[in-house]
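Peer 1:
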Amino acid sequence: MASEEAFDSALDLLRRLNPKDTAKNVDLLCQIAPSLTEDLLESVDVPLSIRKCKKSGREYLCCDYNRDGDSWRSPWSNEFDPPLEDGEGVPQSDKVRKMETKANDAFDVYRELYYEGGISSVYFWDLENDDFAGCVLLKKSVSPISKSSGGWDSIHVFETIGRGRTAQYKLTSTVILSLGADAESLGSMDLSGNMVRQVEQEMSVEDDSSHVANIGKMVEAMELNMRNLLQEVYFGKAKDVVGDLRSIPSLSETNRDRATQREMISSMSK
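For the sequence shown, the tail end lands on 1704 under our numbering, and the numbers increase by one without skipping.
(1) Identify whether C1497 lies in helix, strand or coil by the three-state DSSP scheme.
(2) For the pair the region 1608 to 1618 and the region 1435 to 1446, tell me if three or more CB-CB distances fall below 8 Å.
(3) How big is the Cα-Cα spacing for E1493 and S1555?
(4) Expressed to the nearest angstrom, what Euclidean distance is found between the alpha-carbon atoms of R1597 and G1585?
(5) Report the three-state DSSP secondary structure of M1435 (helix, strand or coil).
(6) Would you report the Cα separation of V1675 and N1659, rounded to the nearest angstrom?
(7) Excluding the 5 residues flanking L1583 on each side, which residues of the same chain have their C-beta closer than 7 Å to its C-beta?
(8) With 16 as the cutoff for other CB atoms within 10 Å, does F1669 come out buried or exposed?
(9) Helix, strand or coil for A1617, going by three-state DSSP, please let me know.
(10) Just the C-alpha distance for T1535 and E1618, rounded to the nearest angstrom, thanks.
(11) Is the beta carbon of A1617 within less than 8 Å of some heavy atom of the ligand PLP?
(12) Identify, in the order they occur along the chain, each residue of the same chain with its Cβ nearer than 7 Å to the Cβ of Q1635, setting aside the five sequence neighbours on each side.
(13) If I measure Cβ to Cβ from Y1499 and keep anything under 7 Å in the same chain, skipping five residues before and after, which residues do I get?
(14) If we call anything under 9 Å between Cβ atoms a contact, is M1656 one with A1601?
(15) To the nearest angstrom, how far is it from the Cα of N1452 to the Cα of A1567?
(16) Give the straight-line distance between the Cα atoms of G1627 and K1529, rounded to the nearest whole angstrom.
(17) With DSSP as the reference, identify every bridge partner of V1633, one or two as the case may be.
(18) Is it buried or exposed for L1547, if we count other Cβ within 10 angstroms and need 16 for buried?
Below, the structure is given as structure tokens:
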């Protein structure tokens, strides 16, 4: 375990740097202080990376929950790349693995309907007393068009505690948003950051498929809520700030419009 003071200092530094470069900054911190590597990778959310499953040929997303050292587990083949004999984070029971497979199929449809592209991956793992936990990953990137780019990464980590005919779900969701534009009229603009929200809910359970449906409903509701908040906070506020600080029309046009407005108000008052 890294020293608490060094770890807090690293997190404090990351909070003051551009969120767009979080992945690069975490990598640099790991090189400077190797003892912080595990703690930083477990605690800091970075944009999801993409790998291709050698067995199925399908792409999947990588995070700390499907990582064991330098190997990553594919949700499609349930195998690590590079191969590991006893990798951690693999579903220990057939029941959890079957639910993981169903969840991957379900969120693949969700991804296509809501994102019209991108990549999704779902990982489950066993807990004590026949309970389980997992994470749902979604990523959509926009290829640079006319010097514009954008990326959306959502990480939904959940824990399920069974209570007979019901189950208690605890969901922690993180959205990482990155937008960039470079135009002659506006100049360079970079809007990057992340948002974290948490919710708990108790829902009825009939069989194992109910867990997949319940988790899907919670993730869908959480993403809708966070998208609305991001629209208000990111886009609404940014538009207000940019509108107050910068003007696309020339100063002479702005002054002429203001003069016309004053003249109209003056004539109406007379």
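By construction, the Cβ of each residue, glycine as well, lies at the ideal position given by its N, Cα and C atoms. Keep in mind it's a predicted model, so treat the numbers as computed, not measured.
Peer 2: Looking at the coordinates:
(1) Numbered from its first residue, the sequence shown carries residue 1497 at position 63. DSSP places C1497 in coil when its eight states are reduced to three.
(2) no
(3) The sequence position of residue 1493 within the sequence shown is 59, counting from 1. The sequence position of residue 1555 within the sequence shown is 121, counting from 1. When rounded, the distance between both Cα atoms is 9 Å.
(4) Here residue 1597 is taken as the residue at index 163 of the sequence shown, counted from 1. Here residue 1585 is taken as the residue at index 151 of the sequence shown, counted from 1. About 38 Å.
(5) As a first step, residue 1435 is located in the sequence shown; it is residue number 1 there, counting from the start. Only weak support is given to the placement of M1435: the predicted model assigns it a pLDDT of 44, under 50, and the value that follows is read from those uncertain coordinates. M1435: coil per DSSP, three-state reduction.
(6) As a first step, residue 1675 must be located in the sequence shown, where it is residue number 241. As a first step, residue 1659 must be located in the sequence shown, where it is residue number 225. One C-alpha to the other measures close to 23 Å.
(7) For the purposes of this step, residue 1583 is taken as residue 149 along the sequence shown, with counting starting at 1. Rather than Leu, the amino acid found at residue 1583 in this sequence is Ser. Closer than 7 Å at the Cβ level, and outside the excluded window around S1583, lie V1576 and G1614.
(8) Position 235 of the sequence shown, counted from the first residue, corresponds to residue 1669. Its Cβ having fewer than 16 others within 10 Å, F1669 is exposed.
(9) Looking up residue 1617 in the sequence shown gives position 183. Note: A1617 maps to strand in three-state DSSP.
(10) Start at 1 with the first residue of the sequence shown, and residue 1535 comes out as number 101. Start at 1 with the first residue of the sequence shown, and residue 1618 comes out as number 184. Looking at the two C-alpha atoms, the distance is approximately 48 Å.
(11) With respect to small molecules bound, the structure shown includes none, and the ligand PLP cannot be examined in it.
(12) In the sequence shown, counting from the first residue as 1, residue 1635 sits at position 201. The residues are Y1603 and M1652.
(13) For the purposes of this step, residue 1499 is identified with residue 65 of the sequence shown, where counting begins at 1. Result list for Y1499: G1523, Y1557 and C1569, in chain order.
(14) Indexing the sequence shown from 1 puts residue 1656 at position 222. Indexing the sequence shown from 1 puts residue 1601 at position 167. Taking 9 Å as the Cβ cut-off, M1656 and A1601 do not qualify as a contacting pair.
(15) What you label residue 1452 is simply residue 18 of the sequence shown in a count that begins at 1. What you label residue 1567 is simply residue 133 of the sequence shown in a count that begins at 1. Straight-line Cα distance between these residues: approximately 32 Å.
(16) In the sequence shown, counting from the first residue as 1, residue 1627 sits at position 193. In the sequence shown, counting from the first residue as 1, residue 1529 sits at position 95. Going from the Cα of G1627 to the Cα of K1529 covers about 37 Å.
(17) Locating residue 1633 in the sequence shown gives position 199, where the first residue counts as 1. V1633 is bridged to L1605.
(18) Within the sequence shown, residue 1547 is the residue found at index 113, counting from 1. Looking at its Cβ environment, which holds fewer than 16 other Cβ atoms inside 10 Å, L1547 is exposed.
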